[in-house]
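When the letters of the sequence shown are read in order and numbered with this note's numbering, they come out as residues 523 to 983. Heads up, the beta-carbon is just placed ideally off N, CA and C, and yes, glycines get one too. Here the structure is laid out as structure tokens; the discussion comes afterwards.
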Amino acid sequence: MSSPPLRPLRTSKGATVIEGAHVVTCAGAEYADGHVVLEGNRITAVGPGPAPEVPAGARRVDGSGCLVTPGLVNTHHHLYQWVTRGFAVDGTLFEWLTALYPVWGRIDADIVRSAATGGLAWLARTGCTTTTDHHYVFPHSGGDVLGAEIEAARTVGLRFHPTRGSMDLGQSQGGLPPDHVVEDIDTILSATEAAIDSHHDASFDSMLRIAVAPCSPFSVTGDLLVGAAELARRRGVRLHTHLCETLDEEDYCREHFGSTPVAYMESLGWLGPDVWFAHAVHLDDSSIEKIARTGTSVAHCPSSNARLGAGIARTRDLLDAGVTVGLGVDGAASNEACALLEEVRHAVLFARARGGPRAMTVRESLQLATMGGAAVLGREQEIGSLEVGKLADVAVWRLDTLAHIDIADPVAALVLGAPPPLELLLVNGAIVVERDRLASVDEESLAREVQGASRRLLARI
Ligand SMILES: [Zn+2]
Numbered sequence: 523m524s525s526p527p528l529r530p531l532r533t534s535k536g537a538t539v540i541e542g543a544h545v546v547t548c549a550g551a552e553y554a555d556g557h558v559v560l561e562g563n564r565i566t567a568v569g570p571g572p573a574p575e576v577p578a579g580a581r582r583v584d585g586s587g588c589l590v591t592p593g594l595v596n597t598h599h600h601l602y603q604w605v606t607r608g609f610a611v612d613g614t615l616f617e618w619l620t621a622l623y624p625v626w627g628r629i630d631a632d633i634v635r636s637a638a639t640g641g642l643a644w645l646a647r648t649g650c651t652t653t654t655d656h657h658y659v660f661p662h663s664g665g666d667v668l669g670a671e672i673e674a675a676r677t678v679g680l681r682f683h684p685t686r687g688s689m690d691l692g693q694s695q696g697g698l699p700p701d702h703v704v705e706d707i708d709t710i711l712s713a714t715e716a717a718i719d720s721h722h723d724a725s726f727d728s729m730l731r732i733a734v735a736p737c738s739p740f741s742v743t744g745d746l747l748v749g750a751a752e753l754a755r756r757r758g759v760r761l762h763t764h765l766c767e768t769l770d771e772e773d774y775c776r777e778h779f780g781s782t783p784v785a786y787m788e789s790l791g792w793l794g795p796d797v798w799f800a801h802a803v804h805l806d807d808s809s810i811e812k813i814a815r816t817g818t819s820v821a822h823c824p825s826s827n828a829r830l831g832a833g834i835a836r837t838r839d840l841l842d843a844g845v846t847v848g849l850g851v852d853g854a855a856s857n858e859a860c861a862l863l864e865e866v867r868h869a870v871l872f873a874r875a876r877g878g879p880r881a882m883t884v885r886e887s888l889q890l891a892t893m894g895g896a897a898v899l900g901r902e903q904e905i906g907s908l909e910v911g912k913l914a915d916v917a918v919w920r921l922d923t924l925a926h927i928d929i930a931d932p933v934a935a936l937v938l939g940a941p942p943p944l945e946l947l948l949v950n951g952a953i954v955v956e957r958d959r960l961a962s963v964d965e966e967s968l969a970r971e972v973q974g975a976s977r978r979l980l981a982r983i
């Protein structure tokens, strides 16, 4: 039995004036006592001191004790996994995948709607205003799972870049996923094109863009990768996949294709400014050079990489080579927290653990989560910084409680301190989080719904 979909509580899209806050624009400016003005879905003023003009009927926000940043951008996720957290918690990647595929193979649209609503709601509570999702499990009798997560994003109110993922290399062909969750190439490519036709909005203000995302080199065929790249370029949408996550994957590529994963992808036309790879942990210098030269981007997922013991990405080397890097929580089954702000903290800590105290600054890490993520998704003109004319995606963090009040540097308080209360989160000008509570959906009802979905799914095993 499924639950009725949650109804949005409310949205508010009038003018908002935030004053008296520490403002970090992520466009090169920082104001210790500044203002941000939002009208409709756009930013109309940013600067030092009070707002020069207050639109009639504007909501006034006293930002004293608060830090204002652009909304954070999440560049890799698997939202359906929100209802399969806490499995194989001490296992290897192979043990983890083997334990979870039988569960994932039984998802359907109702389960995915609940899971995605939970995952998106938690992203919002941790400062995220735009997220992608890599959905690649399409059970043959599961219904419209992509449509279900799109509905969830509308309910929560986040800007959404879901990908139509895929797998075509099942167990009977030597792959890892069970045969009943893999599809044939023609089905995949026609369903992907239908998803672009139905949902993709290329406009400046877009709340929804589709990308094309075969799962990984070891769960899809080279023919599918070539066909997916051709389709994406013909339709002008982006390409995404997992790459260089583990050493096992590198061994697999050397054994099956006689090359590194990056050289293999290059041979299939999968490097370029319209491509972003999740993880990119195990890269040699030549692979970094190829990624940089082609303008390919990277979604860095430090918590998931640590949770699965995959390794620590060469973030400093990627940035020094000129690669665009964003942050990602990755799927909830390999990152039970799925809290985007935590990735900002982990990105700076892991970079320093690997490369020493100067490997990354706290402001650089925040930059990865904002402008970096926006550029990874091809939205650097629209989101990722507080600049006049950009979309009104803004986070207001409260830094005047016990956990942060005496941390001298507000950006360090956000990045290195405990996750602070989120005073306000606006997406496209609408309030999604207010006083550390979701404004768009009722959290208690949602918690019961995701628990029910998780229990129904596990009962199917
Ligand atoms: Zn992933």
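Considering only heavy atoms of ligand 1, does any lie closer than 8 Å to the CB of residue i?
i	result
G848	no
D852	yes
C775	no
C588	no
A638	no
S663	no
H764	yes
H656	yes
S688	no
H804	no
A930	no
A800	yes
C548	no
C860	no
Rounded to whole angstroms, what's the CA-CA distance from residue i to residue j? Just pull it up for me.
i	j	result
V545	S907	11 Å
A474	E864	Since the first residue shown for the chain is 523 and the last is 983, residue 474 is missing from the structure and cannot be characterised.
T816	L849	20 Å
T883	R874	9 Å
A785	G833	20 Å
V576	G542	14 Å
S976	T606	7 Å
P570	V559	12 Å
I994	G649	Residue 994 is absent from the model: the chain starts at 523 and stops at 983.
D773	T685	27 Å
D701	A914	44 Å
R532	P783	Any reading at R532 is ruled out, since the residue's pLDDT is 49, under 50, leaving its predicted position unreliable.
T653	V611	25 Å
G587	R920	6 Å
R755	P932	42 Å
V942	L960	According to the sequence provided, residue 942 is Pro. The question's Val does not apply to it. Cα-Cα distance, rounded: 15 Å.
M523	P739	Here M523 scores only 42 on pLDDT, less than 50, and its place in the model is too uncertain to base an answer on.
L711	R757	12 Å
H662	V742	17 Å
D632	F682	19 Å
L944	E956	7 Å
S725	E715	18 Å
S510	T923	Shown here, the chain extends from 523 to 983; a query on residue 510 therefore has no answer.
P572	T591	17 Å
A670	G878	44 Å
C766	T709	27 Å
Ordered along the chain, which non-local residues of its own chain (more than five positions away) have a Cβ less than 7 Å from that of residue i?
i	result
L910	Inspection of the sequence shows that residue 910 is occupied by Val rather than by Leu. Excluding sequence neighbours, V910 sits near I565, T566, A567, V568.
H721	I672, L730, I732
A881	R838, A873, R874
V734	T685, R686, T714, A750, L753, A754, V759, L761
Ordered along the chain, which non-local residues of its own chain (more than five positions away) have a Cβ less than 6 Å from that of residue i?
i	result
V704	M689, D690, G692
Y602	I629, V634, A637
P526	Any reading at P526 is ruled out, since the residue's pLDDT is 48, under 50, leaving its predicted position unreliable.
C737	Y658, G687, M689
V918	C588, V590, E945, L946
By Cβ distance, which residues of its chain are closer than 8 Å to residue i, with the 5 residues on each side in sequence left out?
i	result
I810	R836, D839, L840, A843, V845
A855	H600, Q603, T606, R607, F609, W618, L622
L814	The question names Leu, but residue 814 is Ala in the sequence shown. The residues are L840, A843, G844, V845.
P624	P700, I983
D770	L615, F616
Point to revise | the segment 591 to 604 in contact with the segment 551 to 561 per 3-pair CB rule at 8 Å | key: No, the segment 591 to 604 is not in contact with the segment 551 to 561.
Check your understanding: Per the contact definition of three or more C-beta pairs closer than 8 Å, is the segment 935 to 949 in contact with the segment 856 to 870?
Key -> With three or more CB-CB distances shorter than 8 Å, the segment 856 to 870 counts as touching the segment 935 to 949.
Check your understanding: Any chance the segment 827 to 839 sits against the segment 787 to 798, with 3 or more Cβ pairs inside 8 Å?
Key -> The answer is no - the segment 787 to 798 does not touch the segment 827 to 839, with fewer than three Cβ pairs under 8 Å.
Check your understanding: Any contact of the segment 885 to 904 with the segment 581 to 595, i.e. 3+ C-beta pairs under 8 Å?
Key -> Contact between the segment 885 to 904 and the segment 581 to 595 is present, because at least three Cβ pairs lie under 8 Å.
Review point. What beta strand (DSSP E) runs, 3 residues minimum, are completely inside the segment 800 to 862?
Key: Those beta strand (DSSP E) runs which fall completely within the segment 800 to 862 and span 3+ residues are 819 to 822, 847 to 849.
Check your understanding: Looking at C-beta atoms only, is the number of pairs between the segment 744 to 751 and the segment 692 to 702 that lie closer than 8 Å three or more?
Key -> The segment 744 to 751 vs the segment 692 to 702: no contact.
**Study point:** beta strand (DSSP E) runs contained entirely in the segment 952 to 979, provided each spans 3 or more residues
**Key:** Complete beta strand (DSSP E) runs here, min 3: 952 to 956.
Practice item. Evaluate the contact criterion for the segment 676 to 684 versus the segment 644 to 663: three or more CB pairs, one atom per stretch, below 8 Å. Key: Enough Cβ pairs lie closer than 8 Å, so yes.
Point to revise | Runs of beta strand (DSSP E) lying entirely within the segment 652 to 723, each at least 3 residues, in chain order | key: Runs found: 681 to 688.
Point to revise | Segments of 4+ residues assigned as alpha helix (DSSP H) that fall wholly inside the segment 576 to 635 | key: Those alpha helix (DSSP H) runs which fall completely within the segment 576 to 635 and span 4+ residues are 615 to 626.
Point to revise | beta strand (DSSP E) segments (min. 3 residues) lying fully within the segment 768 to 803 | key: Here the runs fully enclosed are 797 to 801.
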